[in-house]
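So the protein sequences, as listed, match chains A and B.
To convert a position in the first sequence, counted from 1, into the numbering used here, add 906.
To convert a position in the second sequence, counted from 1, into the numbering used here, add 136.
All C-beta atoms, glycine included, are put in the ideal place defined by N, C-alpha and C.
Values in this document were obtained by computation on a predicted structure and should not be read as measured data.
See below for the structure under consideration.
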Amino acid sequence: MARLYEYQSKELLAKGGLPVPRGRTAADPQQAAEIAAELVGPVVVKAQAWITGRAQAGGVRFADTPDQARIEAEALLGLSIKGFKIREVLVEERLDIEQELFLGLVMDDAAKAPIIVFSSLGGSGIEEIAREHPDKVVRETVDVLWGFQGHQARDLLRRLDIRGKLQADLAKALVAFYNICRKNEARSAEINPLVITRQGRILAADCHMAVDDYAVFRHPELGIEIAREFDRPATDREKVSYQVEAKDHRGTFYFLEMARDFAPRSGYVGFHGAGGGGSMMSMDALHQVGFKIANFCDTSGNPSAAKVYRAARIILSQNNIDGYFASGSGVASQEQFHSARGLVKAFREVGLHLPAVVRIGGNFEEEAIEILERYTADLPAKVEAYGRDTSALYCARRLRELVDHWDYEAAKPAGRPAPDPDSYNYHFQTMTGRLCIDHDRCAACNTKPCIKACTAEILKLDEDRPVLAIDPEQAAKGRCTECLACELACEFEGNKALYIHLPIEGLDEALSSGS
Amino acid sequence: MSVLIDKNTRVLIQGITGREGQARAQLMKDYGTQVAAGVTPGRFGESVHGIPVYDSVAEAVDKEGPIDASVIFIPAAMCKAAAIEAMDAGIKLLVIVPDRVPVWDVLEIAKKAEEKGADFVGPNTLGMITPGEAVLGMIGGRAQAAREWFKPGEVGVTSRSGGITSAISYYLSQAGIGQSRIIHVGGDSVVGTPHPDVIKAYEEDERTRAVVMFGEIGTTQEERVADLIEQGRITKPVVAYIGGAAAKSGTRFSHAGAIVEGGRGSYEDKVKRLKEVGAHVVTDFNDIPKKTREVLNRL
């Protein structure tokens, strides 16, 4: 789910016909004072952060004057609340509250439908209220093809004995709420409290909405930068990872940093999982042998070699990890040679100098294991590869053994600097990168192993030089699957003339900024 | 339920000409599944591994005769349209392989399936296999691997994790325990045929004598299985493993979610409920084959 800030959610509510308090966001104290002056009267100053219990944490302040608003904003901006550094505050009119209600929407996995939840008691402590006063909470399953109808809303309210004009007005608010959630593909949303003022107005005093991350691509107007469910702002590596995923839909790639700024040799390993279930068990195995996990990473669902390569590069950009552990369920249906080649390309480019254990069992595992062992033998690192009959725990123990006896000083990185793609005299675009060939070096190659290695059969010989055999547009669209087989074949059986440039946008900047 | 497939199940593949569609068309066909046709709009007249390709599902059904199941290998954003097309053509079982299908699309597919009396598995599913007879989806990857890993038998496997579906089944095979049916319910929180529905189908399946379930934290599937056992609607023994013991309790962002689910969804709640009703819960994944053997020996 991609979470929206309160002010963003309120913008959607207002646009959808559900009233919200007047107000605007401020990024500095003076701006807060100006907004308060415009609002004329008491205001609330609220830290914008994706957390529950914000008020209890001191993130909601009250001010009677613009000057007081400046003081409160100054106190909040830059504050860290539950790990969130506050960069914006919402300054809005303070409501004259008569009653606080609760309104929410969730997906019910059993009913396979959205559910509207409403309570006549709202505000802080709603979960306790729901447990202690179940009679004050009602819910209604919505038919997604028909939507939430006015009569359903009225009946929901009737069950709480809400009648008359209030019933009619609230029913409109409930229907508007559902329609806003539907239009923006909210995965969950809640207005807490939905306020009735002494003047009889109905407004959403606070609102949190999380958009389905799989639907974010359909809502560019929401301006969501990274559609992942974080309980803190995304790190630069996480943003880079999200862009890799957004640009290459072959399989899935998910990356989450779990530790930062740890010292070398402090027991952290880079983790590369494949599939959620297998990853959980593999991480358990690492914990059992005393490792700490620097990151969670999952490439699964038959990812391209290019995606696995980028994932591995991002994991390895965590400089102080003691080792690299790749392990999934152990019995993957995808062709495992793709992942093997992706890992090898990354290991070779960084000049891997840490122990690595790769549990790559599944379809074509024998081939995958051979690729890993054969093509990393000349690296300073020790890379071990295992198949489906080896448990995650055994592999974790192997990594433990390797790390405990590894001489980190002797095994210095020996990576080759990434070649300049423009220095090659022949190249064509692939789906996410560029395949480059230095034809001058092909003359000395008698076997042209790249042609045979290309199972997509898109390369051919032209005057004894490998060239594209299909329309370049087709290669760019995906006929070149970026399987990396030709690069490795050229490196080990040819004359090192072929290179597949797979840029990782933003990674260098992320590393230099250190954030 | 139509999730019990066999060698007579007639299959259509939507998206058959794509990277994934082609590879798994080969898996399914080589394994012995009756793949009658493929559909990719605009590719009528082509064939994939000898399977004729049509422009629409309606045309495929018209030309090839009744189709029992469709396997969908179509980009997530277009899955809803493909699923509805298949159901409109009378197909009663859909296997929706892609990940990243938007949740509101899944809800619409579910509503349509309910109206059409159809079932769907997934999204984000590896598929299903009746060992020795038929495979739908990509489980096994290729026919040779599928034949090596999965063996006909009497244990029904149901799992929320794709890789683990294959792993459990393979390790059962290694222990000499064959599988009657293997179904990956799908990795998303809203799926068409969750654990309770799969196990109800196994309850009625004469080939299945015991069930192995791989559960995870989140959703209420495992608790609902416990409810069914308690009600006597599942009488066959269930061996269960729940992944995610070490997962930290995530930040509770949604009050509404907490209100609706109560305590359900946590590792502790699932294990406790399942044990209470007599399911055989193992805490070590590697103990699944041994526990399953014990359970079978008592039947």
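Query	Result
Proximity test, Cβ basis, 8 angstroms: Asn1269/A and chain B	yes
Enclosing beta strand (DSSP E) for Leu910/A [first to last residue]	It is not in any beta strand (DSSP E) - Leu910/A carries neither H nor E in the DSSP assignment.
C-beta neighbour in chain B for Ala1019/A, strict 8 angstroms	yes
Length of the line joining the Cα atoms of Tyr1215/A and Leu1249/A	5 angstroms
Cβ-Cβ separation, Leu1417/A to Ile1406/A (assumed contact under 8 angstroms), whole Å	That belief does not hold up - the Cβ atoms of Ile1406/A and Leu1417/A are roughly 22 angstroms apart, past 8 angstroms.
Inter-residue spacing [alpha-carbon to alpha-carbon] between Ala953/A and Pro1099/A	17 angstroms
CB contact below 8 angstroms: Met1013/A versus chain B	yes
Proximity winner among Glu244/B, Ile220/B, Pro330/B, relative to Trp1052/A (alpha-carbon distances)	Glu244/B
For Tyr1084/A and Phe1054/A, believed in contact at Cβ under 8 angstroms, the rounded distance	4 angstroms
Between the CA atoms of Phe1253/A and Asp1328/A - distance to the nearest angstrom	23 angstroms
Alpha carbon of Lys165/B to alpha carbon of Val374/B, nearest angstrom	32 angstroms
Cβ distance (whole Å) where Val1043/A is taken to contact Val1012/A below 8 angstroms	The pair is not a contact, with the Cβ atoms about 13 angstroms apart (cut-off 8 angstroms).
Residue range of the unbroken alpha helix (DSSP H) whose run includes Ala1232/A	Looking at the DSSP string, Ala1232/A is not in any alpha helix (DSSP H); the run it does join, the beta strand (DSSP E), is 1229–1234.
Paired residues, beta bridge with Phe1334/A - DSSP	Leu1341/A
6 angstroms CB neighbourhood of Asp1002/A in its chain, flanking five on each side removed	Thr1103, Arg1104
Residue range of the beta strand (DSSP E) that includes Glu1006/A	1003–1014
Test: Tyr1405/A CB closer than 8 angstroms to a CB of chain B	no
Cβ of Met274/B within 8 angstroms of any chain A Cβ	yes
7 angstroms Cβ shell around Glu1006/A - same chain, five flanking residues per side excluded	Gly1028, Gly1029, Pro1099, Val1101
8 angstroms Cβ cutoff met for Ser192/B and Asp1015/A	no
Element boundaries [alpha helix (DSSP H), containing Ile1068/A]	Ile1068/A -> no alpha helix (DSSP H), and no H or E assigned at all.
C-alpha gap between Lys384/B and Met1164/A, whole angstroms	Note that Lys384/B has pLDDT 47, beneath the 50 cutoff, so the model's placement of it is unreliable and the number below is only indicative. Approximately 12 angstroms, taken between the alpha carbons.
CA-to-CA distance, Ile1035/A to Ser1026/A, given in whole angstroms	10 angstroms
Cβ-Cβ distance between Glu1144/A and Leu1162/A below 8 angstroms	yes
Beta carbon proximity, Ala1200/A to chain B, threshold 8 angstroms	no
Beta-bridge partners of Ser986/A, as assigned by DSSP	Lys991/A
For Glu1241/A, the three-state DSSP class (helix, strand or coil)	coil
Of the listed residues Arg1156/A, Gly964/A, Ala933/A, nearest to Arg236/B (C-alpha basis)	Arg1156/A
Simplified DSSP assignment, three categories, for Arg146/B	strand
Close beta carbons around Ala249/B, own chain, < 6 angstroms, minus the five adjacent residues each side	Phe256
Proximal residues of chain A, C-beta to C-beta of Phe421/B below 7 angstroms	Met1187
Spatial distance of Ala1121/A from Ala1133/A (CA atoms)	9 angstroms
Per-residue DSSP class, three states only, for Leu422/B	Here residue 422/B turns out to be Asn, not Leu, going by the sequence shown. Note: Asn422/B maps to helix in three-state DSSP.
Inter-residue CB distance, Met1186/A and Gly379/B (contact presumed, cutoff 8 angstroms)	5 angstroms
Identity of the residue in Tyr1230/A, Asp970/A, Ser1245/A, Ile1108/A nearest Ala920/A by Cα	Ile1108/A
Enclosing alpha helix (DSSP H) for Gly299/B [first to last residue]	298–310
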